[in-house]
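Heads up, our numbering is the position in the sequence shown plus 88, with the first residue counted as 1. Ideal placement from N, C-alpha and C gives every residue a C-beta, glycine not left out.
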Amino acid sequence: MTATRWKPWGSPISEWAGRVNKHSFTNNRRVALVAGGAGFLGSHLCEYLIKRKWRVICIDNLITGSILNIKHLRNYPEFKFINKDITQPLNIPGKVGVIFNLASPASPKDYLALPLETLSAGAIGTRNLLDLALAKQAVFIHTSTSEVYGDPKEHPQKESYWGNVNPVGPRAVYDEAKRYSEALIMSYYHLYKIPVRIARIFNTYGPRMKIDDGRVVPNLIYQALTGGPLTIYGNGLQTRSFCYISDMISGLYKLIRFNDPFPVNLGNPREFTIIEFARLVKKLTRSSSPIKFYPTVPDDPQRRCPDITRAQTLLKWRPKVELEQGLLRTIRWFQEHISL
Ligand code: NAD
Ligand code: UDP
Numbered sequence: 089m090t091a092t093r094w095k096p097w098g099s100p101i102s103e104w105a106g107r108v109n110k111h112s113f114t115n116n117r118r119v120a121l122v123a124g125g126a127g128f129l130g131s132h133l134c135e136y137l138i139k140r141k142w143r144v145i146c147i148d149n150l151i152t153g154s155i156l157n158i159k160h161l162r163n164y165p166e167f168k169f170i171n172k173d174i175t176q177p178l179n180i181p182g183k184v185g186v187i188f189n190l191a192s193p194a195s196p197k198d199y200l201a202l203p204l205e206t207l208s209a210g211a212i213g214t215r216n217l218l219d220l221a222l223a224k225q226a227v228f229i230h231t232s233t234s235e236v237y238g239d240p241k242e243h244p245q246k247e248s249y250w251g252n253v254n255p256v257g258p259r260a261v262y263d264e265a266k267r268y269s270e271a272l273i274m275s276y277y278h279l280y281k282i283p284v285r286i287a288r289i290f291n292t293y294g295p296r297m298k299i300d301d302g303r304v305v306p307n308l309i310y311q312a313l314t315g316g317p318l319t320i321y322g323n324g325l326q327t328r329s330f331c332y333i334s335d336m337i338s339g340l341y342k343l344i345r346f347n348d349p350f351p352v353n354l355g356n357p358r359e360f361t362i363i364e365f366a367r368l369v370k371k372l373t374r375s376s377s378p379i380k381f382y383p384t385v386p387d388d389p390q391r392r393c394p395d396i397t398r399a400q401t402l403l404k405w406r407p408k409v410e411l412e413q414g415l416l417r418t419i420r421w422f423q424e425h426i427s428l
């Protein structure tokens, strides 16, 4: 396909949106490739797609994911797993209708331990998948992050906010990789007119999070269930908004027919301080663990909450699961899996 000339930036969304190809997902195009499909979000997405009669090609190098997350899917003839790094050349035979890119270390503990792998996944891996989308004429759906807003100066965060990211801080490997991949995706969109979608995902939690992935939800649940102190970094007044996994997956699925290349926030707009969150975990687990304060981590965003007006109006999506309800399901899953 030849590249078209650059169009001026800042055109109204509707002007761009109308030019994107309409994809009809007939049976032979109802094939989804899920990069990062053995991870937390990815495994739930694969499951959701299989239930809706998609054929699913799951690509994952298992750097932070686990084969256990997709074990239950391997007997479905519609499901195929390929153990592969997306930063390596990708040769996928046959038709593919939609490519979901979730392949990147995602928890701060993981991306701080894997800085170069994180940068490469965002840059080289995303480019490989975009080239594949171009070759297959597939819809390309990317999982970006609220981290593109850095430690935000605007609340709640709208998609139009450009962010406050430290490009040489420890989190930069993740934040800048995701910002680079957004720029890359928009370039492919402007040059080749491929249908792209960018989801800026805010903190998502649920069953299959790694118990030791260091994020606040698994850390605090594990500590509460095992009687250890609940670790709070800083004074606990920093905020996050937590979205249950089933809500996030339904939002990602809706993006297939979104027909708009500009980023859209997906997350739950109910904002909690981390100390409030810790108290809730204690209450729901009926734990007597103490709460212990540790030094703040560098560049930790102090306030984070999505403005989901765009998702609500254009995608007709909003989260439905309340934190208490989602946490109880997650706690139950952890109770069943800690002993394993
Ligand atoms: P995860 O670590 O559980 O899943 C990521 C998966 O990608 C893993 O299975 C990992 O092995 C795989 N992977 C990483 N690099 C790869 C590579 N080079 N080639 C092939 N596979 C590779 O993390 P998650 O929480 O499920 O996050 C999934 C995506 O959603 C990530 O891109 C993340 O940035 C984004 N996201 C997640 C959250 C959240 O709260 N969970 C928030 C914002 C954005
Ligand atoms: N956090 C905490 N205790 C923990 C883990 C995390 O106080 O055991 C804090 C962390 O400093 C941050 C918030 O909880 O302010 C969310 O952290 P997480 O790693 O889950 O995700 P982030 O939103 O920072 O990517």
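Return the first residue and the last residue of the alpha helix (DSSP H) that Ala223 is part of. 214–224
Quick check on the burial criterion: 16 or more other C-beta atoms within 10 angstroms. Buried or exposed for Asp300? Answer is exposed; the Cβ neighbour count stays below 16.
So the candidates are Leu411, Pro165, Asn189; which of them puts its Cα closest to the Cα of Asp173? Asn189
Measure the alpha-carbon distance for Leu416 versus Tyr382 and round it to whole angstroms. Whole-angstrom Cα-Cα distance: 26 Å.
What is the rounded straight-line gap between the Cα of Thr90 and the Cα of Phe128? For Thr90, the predicted structure reports a pLDDT of 38, less than 50, and the residue's modelled location is therefore unreliable. The matter cannot be settled from this model.
Would you mind working out which of Asn157, Ser195, Ser208, Ser329 sits nearest Pro177, comparing C-alpha positions? Ser208
Would you mind listing the beta strand (DSSP E) stretches within the segment 335–413 that are 3+ residues and don't spill past its ends, in chain order? 352–354, 359–361, 379–382
Can you tell which of Arg140, Arg391, Ala221, Pro351 has its C-alpha closest to the C-alpha of Phe330? Arg391
Pair within 8 Å by beta-carbon distance, Asn252 and Pro244: no
Straight-line gap, Ala123 to Glu364 (C-alpha atoms, nearest Å): 35 Å
Could you say which of Glu264, Ser269, Ala265 lies nearest to Ile229 if we only look at CA atoms? Ser269
Whole angstroms are fine: how far does the CA of Arg296 sit from the CA of Ala221? 29 Å
Once DSSP output is grouped into helix, strand and coil, what is the label at Gln60? In this structure the chain extends from 89 to 428, so residue 60 is not present and cannot be described.
Assuming Val304 is part of the alpha helix (DSSP H), what are its boundary residues? Segment 304–314, the alpha helix (DSSP H) holding Val304.
Where DSSP assigns a beta bridge to Leu318, which residues make up the other side? Its beta-bridge partners are Ile379.
Could you check which residue in Ser275, Pro181, Glu242, Ser195 has the C-alpha nearest to that of Arg215? Measuring from the Cα of Arg215, the nearest candidate turns out to be Ser275.
On the DSSP letters alone, give me the boundaries of the beta strand (DSSP E) that Thr233 sits inside. 227–233
How many angstroms separate the CA atom of Gly294 from the CA atom of Leu133? 13 Å
From Glu235, Gly316, His160, residue whose alpha carbon lies closest to that of Asn291: Shortest Cα-Cα distance from Asn291 to any of Glu235, Gly316, His160 involves Glu235.
Can you find a heavy atom of ligand 2 that lies under 7 Å from the Cβ of Asp348? no
How about Ser329: is its Cβ closer than 7 Å to a heavy atom in ligand 3? Judged by which ligands are present, ligand 3 is missing from the structure shown, whose ligands are ligand 1 and ligand 2.
Host alpha helix (DSSP H) of Asp300 (start-end): Segment: none, Asp300 is in no alpha helix (DSSP H) and carries neither H nor E.
So for Ser275, helix, strand or coil by DSSP? helix
Does the beta carbon of Ala430 fall short of 7 Å from some heavy atom of ligand 1? There is no way to answer for residue 430, as the model of the chain reaches only from 89 to 428.
Look at the Cβ atom of Leu121, then the Cβ atom of Ile147, and state whether they are nearer than 8 Å. It is a contact, given that the beta carbons lie within the stated cut-off.
For Asn157, which three-state DSSP category applies? helix
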